[in-house]
Amino acid sequence: MGTLDYYAAIARLAPGGLARSAVRRVQGVARQALYRRRERADEVQLLECYGATDGVELVELALGQRSSRIWCEVSQRASVLEALASVPGGLERARARAQAALRQEWDVFGTPVVFGEGRPVDWSLDPVSGHRYPVEPVERLSLAVTGSDPKYPWVMGRLDSVVALGQGYWVETAADVRARLADAFVAQVLDFLQANPVGQGVHWTCAMEVALRAANLAQALAMFSAAPAVARPDFLVPALSALAEHSAWVEAHLEDRGAVPNNHLVSNYVGLLVVGLLFPELPGAPQQVSLAVGGLREQMEKQVHLEGTSFEGSIPYHRLSVELFTLAYLAARGAGVPLGPKYESRLRRMFHAVRAWCSEQGLAPQIGDNDSGRVFPLRDREDNAHGYLVGLGAALFGDAGLGGGEFVDEAAWLLGRAGQARFAALTPAPEPVSVSFPEGGFHILRGAGVVITVSAGKQGQGGVGGHSHNDKLSFELHVDGRPVIVDPGTGTYTRDPALRNWFRGTAAHNTVQVDGAEQAPLDSARLFALPEEARARVVAFLPGKSVDRLLVRHDGYRRLPAPVGIERTFRLDRGERALAGRDRFVGTGRHDVVGRFHLPDEQARVVSPQVQVLSRAGRVMEEPVSFEPLVVELGPEGAPLAWVVLEKGLTARLVPSKYSPGYGRVVPSLAVEFRGQVAPPAWLRWVVVFR
C-alpha cells in the first residue's frame, strides 16, 4: 500500500480524522513552543507553589499534610495490609517483589536483567541486542536501530520497581529493613534522574512511557512519604521537580496527533491525573487535572464500545485499557473528583467482557497484539492471565455479576478493607455463557469446560488497524482451562519487521487462506497499519441449551482476480463435547486453499483414532459427512486433550510453526495444516473433538 493509498484509506475509515489530526498537530506545535519557553521547576518555584519558606517547610507541606484517600497514601496502609493478609501468599509476594527491586532485578520480556543493590542501572540498555540508546535530545535520537527494541529499556524506565519497593516498605515491620527499602527508593530515583535528563534519551521518546513513569513515581513517593530518607529537602526537591517536569512534558507532547488516538493518549491523561491529584500544589497541576478529566471522559466513550470491549482490536490490549481506566477511576475517586456515570458504566462492562472470554483458569485468548503491557503490576502474572481483573472488578463495584471468584492481590492493594467487604458480600455469579461482542469483533462459545473465542469484526482503532491481525474467522480453543488451539501471538514489534508481519499475517492464524494471499495487505513500512479490506462480520449468532451456532463471514478475498467470499460456521455441541466447522466459499474461479490450526507446543501426532472419536465427530455434524481415517491428536501422548478430524479428501499434516506466549518470547510449535482446491460454491468441513 503506497502512501497516498494509505491516507486515502484512513480518510475513508475515519471521516474527519485527518482534518482533526492536522488541527491537533498545529496545537501540539504550539504546546511545545510554550513548553520550551516555560520556567523549569526548581526549588524556588516549588517553594512558591507550596507557600513554603524553605526546604524543611516544603517537606512538611508536601509529605506531612496529605488529604487524599488514594490507595497509595500512608493513611490507607492499615486498611491495605488488613485486606492483603486475607489473600493467601499476598504478603510473601509483596516481599519477593520488593527484594527483586532491591537487587535492581527486572524480568524484561523473559530476559533477566540484574544490576545489584545500590549499583548504577544501565537505563539505556537493550539487553537482547546489547545496543545502548544515546543520551541526546529526542529530536535527534533515532529509535529505528536494526535488531534493537526500545520497549526493553522502557520496561525498566517505567519505574514499576519503585512501587515494588513501596510494597515492601508497607508490609515489612523491621525498622532496618524498611530503612533499607527507603534508601533504595531514593537511590534508584536519583540514579534515573541523573542518567536521563529531561528531554534526552530513549526514556523521553514516548509520552506514554513518561506519563506512566510519572504515575509510578508519584504513587511510590506517597507510599514512602513517612520515611526519614524521603522526607529530606535534598531528595524531595529533585523528586517533586521531576514530577512537575514529567507532567509538563506529557502535556506538551500529548499523543493525540493520529487520525485515531489510542491507548497512548489515555496513558498520557492517566499520568497527568495521578500526579496532579497526589501533588496538587505542583506547578500546572490544576489545569493538567482538568485536562485529564475531560480527556478521559472523552476517550472512554471513543475507545470503549457500549458493550464493554476496547476498540483496539486486541484482547491483550483490552487488559491494558482496563488497568488504565481503572487507575484513573481509583485516583479520581480517592481525591473526590467525579469522572461521571458514563465512565463508570463502561468501565464496569469492561470487567464483564473479561469474565466472558476467560477460561476457568483465568486465561484469556491471545487475539490481536500482545505487548505484555500492564499499568499496576502489583503482582507478577503470566501474560495471558486476565482472570484477576474479574476479582478486582467485583471488589471495586460490588457487582453481583462478577462475584464468586478470588479476592486478588490487586484488589487488596487498590481497595483495602472496603473492597474486601464488598467482595465478601457477593454471592457467586452464574457461570459465564456464550456471548457475542459485535463491536469489538469477539464472539465466545462456551460450556462443558470449553471456551472458543472467534475473531470476526472490524480492524482495531476504528478500522485503521493498530493492534489487529489478519485473523478474521480465526479462533482460539481452551479445553478445561488450557489453551489447545491458539493464536500464535505477537513476537516483536520493531526489532524484526519480518517476524512482526509473520505473526500478524493470515498464515499465522486458525483460518483459511486463499491462493496464498493476505486477508488485508500488510505494509512492511507500517507495522501498525492494517486496512479494513476483510469487512468481517457476524451473520448469525444462535446460542442454545445444548448447541451453539455462529456464522461469520469476511470479504478479504473478493479483491482477487477471481473473487471469492468466505463463510465459516461454528457449531459447539456441549453434549458431544465437539466443535464442528464448515468453511464455505462463494465466488468464481478455482482456488488453492490452506486451513491451519496452530498449537502452543509440539505435542501432537497423526493417529488412528478410537471409534468413538469418529462417531462423536459424525454426530456433531448437521449433515452426513465421511471422514479421513487418520486424525491429529493434540496434547501429551497418552493424555490427549482433543482430536482434529477432517472430512474425506482433506489430508492433515503437522508443520513447524512458532508460538509467542508473550512479547519478546518465541518458541517452536506445530500447526495442523490441510490443503485443497475449490471451485465455488464449495466447502471444507472439520471437527475438533474434546477429551
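Residue numbers 1 to 691, in UniProt numbering, belong to the letters of the sequence shown in order.
Glycine included, C-beta positions come from ideal geometry on N, C-alpha and C.
On a predicted model such as this, the values are computed, not experimentally measured, just so you know.
Practice item. Could you tell me whether the stretch 253–261 touches the stretch 196–211, where touching means 3 or more Cβ pairs closer than 8 Å? Key: yes
Check your understanding: Hey, is the stretch 334–352 in contact with the stretch 397–406, meaning 3+ C-beta pairs nearer than 8 Å?
Key -> yes
Point to revise | Terminal residues of the alpha helix (DSSP H) in which P286 lies | key: Sequence index remark: in the sequence shown, residue 286 carries index 286 (1-based). Looking at the DSSP string, the run of the alpha helix (DSSP H) that includes P286 is 285–303.
Review point. Quick one: what's V514 bridged to in DSSP?
Key: Indexing the sequence shown from 1 puts residue 514 at position 514. Per DSSP, V593.
**Study point:** Limits of the unbroken beta strand (DSSP E) element including V202
**Key:** In the sequence shown, counting from the first residue as 1, residue 202 sits at position 202. Per DSSP, V202 belongs to no beta strand (DSSP E) and is neither H nor E.
Review point. Contact between the stretch 570–582 and the stretch 489–499: three or more CB pairs below 8 Å?
Key: no
Exercise for review: Count the other CB atoms, across all protein chains shown, that sit within 10 Å of the CB of S657; report buried if there are 16 or more and exposed otherwise.
Suggested key: Taking the sequence shown and counting its residues from 1, one reaches residue 657 at position 657. Per the 10 Å Cβ criterion, buried.
Point to revise | Backbone CA spacing between L272 and Q287 [nearest angstrom] | key: Reading the sequence shown from its first residue, position 272 is the one you call residue 272. Reading the sequence shown from its first residue, position 287 is the one you call residue 287. About 10 Å.
**Study point:** Of the listed residues T53, V237, G116, G168, nearest to D42 (C-alpha basis)
**Key:** The residue given as residue 42 occupies position 42 in the sequence shown. Cα-wise, what sits closest to D42 is V237.
Review point. Cβ of F627 within 9 Å of Cβ of K648?
Key: On the sequence shown, residue 627 is found 627 positions in, with the first residue counted as 1. On the sequence shown, residue 648 is found 648 positions in, with the first residue counted as 1. Yes; because the gap between Cβ atoms is below 9 Å, this pair is in contact.
Review point. Just how far apart, CA to CA, sit G2 and A525?
Key: Locating residue 2 in the sequence shown gives position 2, counting from the first residue. Locating residue 525 in the sequence shown gives position 525, counting from the first residue. Confidence at G2 is low in this model, with a pLDDT of 49, below 50, so the placement of that residue should be treated as unreliable; the coordinate-derived value is given next. G2 and A525: Cα-Cα distance of roughly 10 Å.
Check your understanding: Among L102, E298, D107, which one has its Cα closest to the Cα of P120?
Key -> Reading the sequence shown from its first residue, position 120 is the one you call residue 120. When each option's Cα is compared against that of P120, the closest is L102.
**Study point:** Residue from A448, V177, V606, G581 with nearest C-alpha to V631
**Key:** Translated into positions along the sequence shown, residue 631 becomes position 631. If we check each option's Cα against that of V631, V606 comes out closest.
Review point. Between which two residues does the alpha helix (DSSP H) carrying T326 extend?
Key: Working through the sequence shown from its first residue, we reach residue 326 at position 326. Looking at the DSSP string, the run of the alpha helix (DSSP H) that includes T326 is 315–334.
**Study point:** Euclidean distance between Cα positions of Y6 and P531
**Key:** Taking the first residue of the sequence shown as 1, we reach residue 6 at position 6. Taking the first residue of the sequence shown as 1, we reach residue 531 at position 531. The predicted position of Y6 is uncertain, since its pLDDT is 49 and thus under 50; a value taken from the coordinates is nonetheless stated next. Cα-Cα distance, rounded: 8 Å.
Check your understanding: Can you name, in chain order, every residue of its own chain whose Cβ lies under 6 Å from the Cβ of S161, other than the five neighbours on each side?
Key -> For the purposes of this step, residue 161 is taken as the residue at position 161 of the sequence shown. Cβ within range, chain order: A101.
Point to revise | Residue interval of the beta strand (DSSP E) (run including Q677) | key: The sequence position of residue 677 within the sequence shown is 677, counting from 1. Where Q677 is concerned, the enclosing beta strand (DSSP E) stretches over 665–678.
Check your understanding: Grouping DSSP H, G and I as helix and E and B as strand, with all else coil, what is D583?
Key -> Residue numbering aside, residue 583 sits at position 583 when the sequence shown is read from its first letter. It is a strand residue.
Review point. With which residues is E567 paired in a DSSP beta bridge?
Key: Residue mapping note: residue 567 aligns to position 567 of the sequence shown, counting from 1. Looking at the DSSP assignment, E567 forms a beta bridge with R553, R584.
Practice item. Could you name the residues of the same chain whose beta carbon sits closer than 8 Å to that of W683, not counting the 5 residues immediately before and after it, in chain order? Key: One-based indexing of the sequence shown puts residue 683 at position 683. Answer for W683: R582, D583, R584, F585, listed in chain order.
Check your understanding: Under 9 Å, do Y317 and N370 count as touching if we go by C-beta distance?
Key -> In the sequence shown, counting from the first residue as 1, residue 317 sits at position 317. In the sequence shown, counting from the first residue as 1, residue 370 sits at position 370. Cβ atoms of Y317 and N370: closer than 9 Å.
Exercise for review: Could you please give the first and the last residue of the uninterrupted alpha helix (DSSP H) stretch that includes residue 698?
Suggested key: With the chain covering only 1 through 691, there is no way to say anything about residue 698.
Practice item. Name, in chain order, the residues that DSSP records as bridge partners for E105. Key: In the sequence shown, residue 105 corresponds to position 105, counting from 1. E105 pairs with V114.
Exercise for review: Assign D555 to one of two classes, buried (16 or more other C-beta atoms within 10 Å of its C-beta) or exposed (fewer than that).
Suggested key: Sequence index remark: in the sequence shown, residue 555 carries index 555 (1-based). With 16 or more other Cβ atoms within 10 Å, it is buried.
Review point. Where does the unbroken beta strand (DSSP E) through residue 725 begin, and where does it stop?
Key: Within the shown structure, residues of the chain are numbered from 1 to 691, placing residue 725 beyond reach of any answer.
Exercise for review: Can you give me the Cβ contacts of V322 inside the same chain, cut-off strictly under 6 Å, excluding the 5 residues immediately before and after it?
Suggested key: Start at 1 with the first residue of the sequence shown, and residue 322 comes out as number 322. Only M350, L389 meet the Cβ criterion.
**Study point:** Coarse secondary structure for T453, derived from DSSP in three states
**Key:** Numbered from 1 along the sequence shown, position 453 holds the residue referred to as residue 453. Three-state DSSP puts T453 in a strand.
Practice item. From the DSSP output, in three-state form, read off D160 for me. Key: Your numbering for residue 160 matches position 160 in the sequence shown. Helix, per DSSP.
Practice item. Can you tell me the Cβ-Cβ gap for E281 and C49, rounded? I've got them flagged as a contact below 8 Å. Key: As a first step, residue 281 must be located in the sequence shown, where it is residue number 281. As a first step, residue 49 must be located in the sequence shown, where it is residue number 49. 5 Å between Cβ atoms; contact.
Check your understanding: Going along the chain, which residues of its own chain have a beta-carbon closer than 8 Å to the beta-carbon of L4, five neighbours each way excluded?
Key -> Counting from one through the sequence shown, the residue named residue 4 turns up at place 4. With a pLDDT of 44 at L4, under the threshold of 50, the predicted position of this residue should be treated as unreliable, and no value is reported.
Check your understanding: What does a CB cutoff of less than 6 Å around I367 pick up in its chain, not counting 5 residues either side in sequence?
Key -> Here residue 367 corresponds to residue number 367 of the sequence shown, with the count starting at 1. Result list for I367: I315, S455, D487, in chain order.
Review point. Expressed to the nearest angstrom, what Euclidean distance is found between the alpha-carbon atoms of R691 and V613?
Key: The sequence position of residue 691 within the sequence shown is 691, counting from 1. The sequence position of residue 613 within the sequence shown is 613, counting from 1. Those two C-alpha atoms are separated by around 9 Å.
Review point. Hey, how far is the Cα of S615 from the Cα of A580?
Key: By one-based count along the sequence shown, residue 615 stands at place 615. By one-based count along the sequence shown, residue 580 stands at place 580. If I take the Cα positions, the gap works out to 13 Å.
**Study point:** Where R691 falls: helix, strand or coil (DSSP)
**Key:** Residue mapping note: residue 691 aligns to position 691 of the sequence shown, counting from 1. Residue state, collapsed to three classes: coil.
Practice item. State the DSSP-derived secondary structure class of K658, mapped to helix, strand or coil. Key: Numbered from 1 along the sequence shown, position 658 holds the residue referred to as residue 658. Strand.
Check your understanding: Is E73 helix, strand or coil when you go by DSSP?
Key -> For the purposes of this step, residue 73 is identified with residue 73 of the sequence shown, where counting begins at 1. In this structure, E73 counts as coil in the three-state DSSP scheme.
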